[in-house]
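First comes the structure, then the notes that go with it.
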Amino acid sequence: MSEDKLLETEIANFGGYVLSRKLSLGLSNEAFGSLADMTGGEISKIINRKKKSVSVHSFHKIAIYSGDIIENAIKAVYTHRNLELKTGAKIEERTNFGIFMRDEVEVQGQNMFDYILNKTGIDKKRLTDIYYNGGTPEPYELILIEKATGRETGELIKKFVTAYPIKKKGD
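Numbering (my numbering) for the sequence shown: 4 to 174.
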């Protein structure tokens, strides 16, 4: 399946997951948005598949603030993506994510860029983009990195969204 098709499926699955969480709690878009520290409009866009990707911040907020666990969100959204690790190896200025990876994941020469690249199967161009060029990781990418580095499921997602919250207008 092409990356575009994978993304399309993730957006649809995430919309379905959000709708099911909202309905299970018996809440309107506005009330569910308030619960998840989002707006009702953002919830509506997710449910109606009007987003371009699954934001790691939205993924985390909706799963955790709605009383679910990351593992359930992963199972609902990433049904089509292989989240198994692969078996298998120039220092540039890093972005917030690259610095985060250096500080939180890379320890004593382990879990470096090449290791993450080889274990996760994330495309080198994509990994370079999120490490060095201002890209933001997708939730599934952090899930693969968690697996590759022996972290608990959801651990890096929580740390990343806490360390680099979305800045709201006026902040």
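For each residue, glycine too, the CB sits at the ideal point set by N, CA and C.
Nearest to residue i (by Cα), restricted to the options the options
| i | options | result |
| --- | --- | --- |
| Glu-158 | Leu-30, Met-115 and Tyr-143 | Tyr-143 |
| Val-21 | Lys-161, Tyr-135 and Ser-58 | Ser-58 |
| Asn-75 | Lys-89, Ile-146 and Ala-166 | Ile-146 |
Local conformation of residue i per DSSP, three classes
| i | result |
| --- | --- |
| Phe-17 | helix |
| His-63 | helix |
| Val-2 | No answer is possible for residue 2: it lies beyond the span of the chain, which begins at 4 and ends at 174. |
| Met-4 | coil |
| Leu-26 | helix |
| Val-212 | Nothing about residue 212 can be read from this structure; the chain reaches only from 4 to 174. |
| Glu-155 | coil |
| Leu-9 | helix |
| Asn-51 | coil |
Boundaries of the alpha helix (DSSP H) in which residue i is found, first to last residue
| i | result |
| --- | --- |
| Tyr-135 | 127–135 |
| Thr-165 | 158–166 |
| Thr-123 | 116–123 |
| Tyr-143 | 142–151 |
| Ala-39 | No alpha helix (DSSP H) holds Ala-39; DSSP gives it neither H nor E. |
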